[in-house]
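Under the working numbering, read the sequence shown as residues 2 to 363, first letter to last.
Have a look at the structure below before the remarks.
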Amino acid sequence: MSVKYDITDVCKGYYKDRTVLVTGHTGFKGSWLCAMLELAGAKVVGYALPPQEGDNLFTLSGVAQGMHSIEGDVRDLEHLRKVFEEYHPEVVFHLAAQPIVRESYRDPVGTYETNVMGTVNVLECARSVSGVRSVLNITTDKVYENKEWSWGYREIDPLDGYDPYSNSKSCSELVTHSYKKSFFDNMEIAVSTARAGNVIGGGDFAKDRIIPDCVRAAIAGEGIVLRNPYAIRPFQHVLEPLYAYLLIAAEQAQDRSKQGYYNVGPAEADCITVGELATLFCESWQEGVHWKNVSDEGPHEASFLKLDCSLIQRVFGWRPMWDIERAVEKTVEWSKVYRAHEDVKACMERQITEFLNERADR
C-alpha cells in the first residue's frame with residue numbers, strides 16, 4: 002500500500018527550519034523551488050529582480066507570503082552582501098540569470114554582466130559572510146562545446162557555449178571552479194554546479210520558449226508556430242531538476258566528498274524533437290490545437306543536445322521519474338487551471354506532493 006509522503010522528509014528532513022537563500026526566486030524555476038522549500042519547512046530568503054510584468058508564476062503562486070522576498074540585482078555586490086549579513090543563509094541556490102538565448106544576442110553585455118559577475122558576487126558573499134555550508138550554482142546543459150554528436154555530453158567534456166547566453170553560463174561554471182579551488186576547498190563550504198536540461202511545467206511565461214509559446218497559442222485559439230521543429234532537446238518537468246538540486250545541496254552539506262559538477266537530464270527516450278514535444282502538447286490539450294513549421298532563420302541555436310547523467314545517478318542514486326508524456330500532461334493541467342482563473346497555488350502543491358509521493362513509492 003502506498004504511504005502518504007510527508008513533504009518535510011525531502012532529503013531526509015534536511016531543510017526543515019534551515020535558512021535557504023534562492024537568487025532568481027521570482028523566475029519560473031525559482032518560484033517552483035521556493036514552493037518546494039516552503040512545504041519542506043525551510044526559512045526561505047529570495048533575492049531577485051521584480052517578477053516580469055503581467056502574469057507571472059511568482060505572483061500567481063503566492064509564494065511570497067511564505068518567505069522573505071527581497072528585490073535586488075545580483076550585479077549589486079554591496080546590496081547582496083547586506084542580505085547575506087542579515088540572514089546568514091546555510092544553503093544558497095544560485096538561479097539568477099539572463100536565461101534566454103535570443104535575448105543574449107540582443108543584449109550580450111547585460112547577459113555577461115548578470116551571468117558571470119552575478120556568479121562572482123554570489124560566491125564572494127558566500128566566502129566572506131559566515132554561516133554558509135552549501136552552495137549550488139544552477140547553470141545549463143548548453144555550457145558544453147556542442148559538436149552536435151549523437152551521445153550525451155559528460156561532465157568531463159569541454160565547456161564552450163556558442164551563443165552569449167550559453168558562453169556566459171560556461172564562464173559561470175569556470176568562475177565556480179576557480180572559487181572552489183582557490184577558496185572553498187580550504188573552508189567548510191561545499192560547492193557544486195548543476196547543468197540541467199530544458200525544463201517545462203506550469204507557469205512559464207517566458208518569450209522564445211516552446212511550451213510557453215504553445216500555451217499562449219492554445220489559450221488564444223491560434224496555431225502554434227515552431228521555429229525549428231527538428232531540434233532535439235533533453236526536455237523534463239521542472240520538478241525533476243529541482244528535486245536533484247535539493248538533493249545535491251543537502252547531501253554535500255553533510256558530506257563534502259559529494260560536491261562536484263553534475264548533469265541533470267531526462268532518460269534518453271525523452272530527448273525528443275521540438276516538433277514531437279509540440280505534438281504531445283496538442284494531443285494533451287486537444288481542442289483542435291495544432292502546430293506549423295515556420296523557420297524564421299534566427300540566430301544560431303544548437304540543433305542536437307543530450308546529456309549523460311550517469312554521474313548524478315551513481316553519486317546520489319537520482320533517477321528521472323516523470324517521462325515526457327507525464328511532464329506535458331502536468332504542464333497542460335496547470336495551464337488549464339490558470340486559464341480558468343482557478344487556484345494555481347493549490348495545483349502546484351498537489352503536483353509537488355504527487356511527484357514526491359511517487360518518488361517515495363518507487
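Quick reminder that beta carbons are idealized off the backbone N, C-alpha and C, glycines included.
Values in this document were obtained by computation on a predicted structure and should not be read as measured data.
Within 10 angstroms of the Cβ of residue i, are there 16 or more other Cβ atoms? Answer buried if so, exposed if not.
{"i": "Gly-119", "result": "buried"}
{"i": "Met-188", "result": "exposed"}
{"i": "Gly-289", "result": "exposed"}
{"i": "Trp-150", "result": "exposed"}
{"i": "Pro-369", "result": "No information on residue 369 is available, as it lies outside the stretch 2 to 363 that the chain covers here."}
{"i": "Arg-134", "result": "buried"}
{"i": "Ser-131", "result": "exposed"}
{"i": "Ser-183", "result": "exposed"}
{"i": "Ala-251", "result": "buried"}
{"i": "Glu-72", "result": "exposed"}
Could you name the residues that DSSP lists as bridge partners for residue i?
{"i": "Ile-225", "result": "Trp-292"}
{"i": "Phe-94", "result": "Val-23 and Leu-137"}
{"i": "Pro-213", "result": "Pro-213 is not bridged to any residue."}
{"i": "Gly-47", "result": "Val-23 and Ser-70"}
{"i": "His-89", "result": "Beta-bridge pairing links His-89 to no other residue."}
{"i": "Val-378", "result": "Absent from the model: residue 378. The displayed extent of the chain is 2 to 363, so no value can be given."}
{"i": "Thr-274", "result": "Ile-233"}
What number of angstroms, rounded off, separates the C-alpha of residue i from the C-alpha of residue j?
{"i": "His-301", "j": "Asn-294", "result": "Unreliable placement is indicated for His-301, whose pLDDT of 49 sits below 50; the coordinate value is still reported in the next sentence. His-301 and Asn-294: Cα-Cα distance of roughly 17 Å."}
{"i": "Trp-292", "j": "Trp-319", "result": "34 Å"}
{"i": "Leu-243", "j": "Glu-343", "result": "25 Å"}
{"i": "Arg-360", "j": "Glu-241", "result": "10 Å"}
{"i": "Val-226", "j": "Asn-57", "result": "22 Å"}
{"i": "Ile-325", "j": "Val-275", "result": "12 Å"}
{"i": "Asp-209", "j": "Pro-100", "result": "11 Å"}
{"i": "Thr-332", "j": "Gly-202", "result": "4 Å"}
{"i": "Val-102", "j": "Thr-115", "result": "14 Å"}
{"i": "Cys-283", "j": "Ala-219", "result": "9 Å"}
{"i": "Asp-77", "j": "Pro-165", "result": "21 Å"}
{"i": "Glu-146", "j": "Gln-53", "result": "31 Å"}
{"i": "Asp-362", "j": "Val-110", "result": "47 Å"}
{"i": "Tyr-15", "j": "Val-329", "result": "30 Å"}
Hey, would you say residue i sits closer than 8 Å to residue j, going by beta carbons?
{"i": "Leu-278", "j": "Ile-211", "result": "yes"}
{"i": "Lys-44", "j": "Thr-27", "result": "no"}
{"i": "Val-117", "j": "Pro-90", "result": "no"}
{"i": "Lys-13", "j": "Ala-41", "result": "no"}
{"i": "Leu-34", "j": "Tyr-339", "result": "no"}
{"i": "Val-408", "j": "Lys-83", "result": "This structure does not reach residue 408, given that the chain is present from 2 up to 363, and the question cannot be answered."}
{"i": "Ser-167", "j": "Val-144", "result": "yes"}
{"i": "Ala-97", "j": "Ser-62", "result": "no"}
Exercise for the section: Kindly confirm or deny that the stretch 247-265 and the stretch 208-224 touch, where touching means at least three C-beta pairs closer than 8 Å. Expected result: No, the stretch 247-265 does not touch the stretch 208-224.
Problem - Three-pair Cβ contact test at 8 Å for the stretch 228-235 versus the stretch 162-177 - result: Flag = no, the stretch 228-235 and the stretch 162-177 do not touch.
Practice task
Decide if the stretch 120-129 is in contact with the stretch 100-110; the criterion is three or more beta carbon pairs, one per stretch, under 8 Å apart.
Solution key: No, they do not touch.
Exercise for the section: Tell me, please, whether the stretch 80-97 touches the stretch 138-150 by the rule of three or more beta-carbon pairs shorter than 8 Å. Expected result: Touching, yes, given that three or more Cβ pairs across the two stretches are closer than 8 Å.
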